[in-house]
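Here the numbering used here is used: the first residue of the sequence shown is 10, the next is one more, and so on.
Take a look at the structure below.
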Amino acid sequence: MSKKLEGNGLWESSRMMLPQHKEQSMSVPNETSSSAAEPPTRKELELMREYILLPVALQIVEKRSIEVEMSSMTLKLLYSAAAKILARKIREDVQKSRAALLEKNIRLFEESKDDTALYYRYVCRGREDRFTMTKDFMRAEISARIGRYAKSLVATLQEAVRNKK
10 MSKKLEGNGL
20 WESSRMMLPQ
30 HKEQSMSVPN
40 ETSSSAAEPP
50 TRKELELMRE
60 YILLPVALQI
70 VEKRSIEVEM
80 SSMTLKLLYS
90 AAAKILARKI
100 REDVQKSRAA
110 LLEKNIRLFE
120 ESKDDTALYY
130 RYVCRGREDR
140 FTMTKDFMRA
150 EISARIGRYA
160 KSLVATLQEA
170 VRNKK
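Below you can see the structure in the form of structure tokens.
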């Protein structure tokens, strides 16, 4: 190795590196490393959960709506209409969660799944990490969320009836 490159540390093999490029490349990791070390906030984790759970809840509600329409139930028109209203509200919330993730520059990827869990990878503020959602948790959470949507719909209907009186 030539005498000019000795003692140059990291840059020994970079004969074409300009001093400005060296300074820039050394300063960039320092700026990103501090923000990359920050884990996602509780609200950001909740957004990620919604992004995963709401589309599944929407699928379930839409599937049940179709099943009710095909059934011979006496009140199938009422049940189907209510399910469609719930689906519309969930669809709006799915779009809101997608927009919120885009706004915060959070990306989420399903890595794999097995009989008991789904595994996801996310990138948030330059930090890449993984988390797992068990299928039991997903079932319970989706059931609770659909219940909250139904409760909200019932409350809206009851309020409309009270206002008519």
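Every residue gets a Cβ at the ideal spot worked out from N, C-alpha and C, and that includes glycine.
None of these values were measured; they are calculated from a predicted model.
Item: Residue range of the alpha helix (DSSP H) that includes SER89; Value: 85-112
Item: Cut-off 7 Å between Cβ atoms - residues of its own chain near THR143, not counting five sequence neighbours on either side; Value: THR125, ALA126
Item: According to DSSP, residues forming a beta bridge with VAL132; Value: ARG116, GLU137
Item: Which of helix, strand or coil DSSP assigns to MET82; Value: coil
Item: Beta bridge counterpart(s) of LEU127 as assigned by DSSP; Value: LYS122, MET142
Item: Given 8 Å, three or more beta-carbon pairs between the stretch 106-118 and the stretch 55-71; Value: yes
Item: Contact set for THR41: own chain, Cβ-Cβ below 7 Å, skip 5 residues either direction; Value: Below a pLDDT of 50, predicted positions are generally treated as unreliable, and THR41, at 47, falls in that range; the measurement from the model is reported next regardless. Once the five neighbours on either side are set aside, the close Cβ partners of THR41 are GLY135.
Item: Exposed unless 16 or more other CB atoms sit within 10 angstroms - verdict on VAL170; Value: exposed
Item: The stretch 111-131 contacting the stretch 92-99, beta-carbon criterion three pairs below 8 Å; Value: no
Item: Proximity to LEU111 [Cα-Cα], best of CYS133, ALA92, ALA91; Value: CYS133
Item: Assigned exposure category for LEU166 - 16 Cβ within 10 Å defines buried; Value: exposed
Item: Contact set for ALA159: own chain, Cβ-Cβ below 7 Å, skip 5 residues either direction; Value: LEU95
Item: Whether VAL70 touches ILE155 by CB criterion (8 Å); Value: yes
Item: DSSP three-state assignment for LYS173, whether helix, strand or coil; Value: helix
Item: Nearest-angstrom beta carbon gap, GLU137 and TYR129 [assumed within contact, 8 Å]; Value: The pair is not a contact, with the Cβ atoms about 11 Å apart (cut-off 8 Å).
Item: DSSP state of GLU150 mapped onto helix, strand, coil; Value: helix
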